[in-house]
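Numbering (UniProt numbering), first residue to last: 1 to 65.
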Amino acid sequence: MINYQHSTQSSIMSKDTIPSSLSSAPEDVQLAVDLIYLLESNDIKPEIALAALEIVKKDLESKIQ
1 MINYQHSTQS SIMSKDTIPS SLSSAPEDVQ LAVDLIYLLE SNDIKPEIAL
51 AALEIVKKDL ESKIQ
């Protein structure tokens, strides 16, 4: 489990504050870290996040078929 603690009040990390190891990571990894940070910083329960992500997954899959 990734637990990325961010030092500013912004809800999503900006490109200026991303650690260099993350900035060289693939885009899907960068997005995953941003999403994890967003969910954790808003105290979203894991069960709720997973249910919401399932809805998002179905929506995105319908767009690529």
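In this text, a Cβ means the ideal position worked out from N, Cα and C, and glycines have one as well.
Same chain only: Cβ atoms within 8 Å of residue i, ignoring 5 sequence neighbours per side
i      : result
Glu-27 : none
Which listed residue (the options) has its alpha carbon closest to that of residue i
i      : options                   : result
Leu-39 : Ala-49, Ser-21 and Ser-23 : Ala-49
Neighbourhood of residue i by C-beta, 7 Å cutoff - its chain only, sequence neighbours within 5 removed
i      : result
Gln-65 : none
Close-in-space but distant-in-sequence residues of the same chain around residue i (CB under 6 Å, 5 per side omitted)
i      : result
Glu-54 : none
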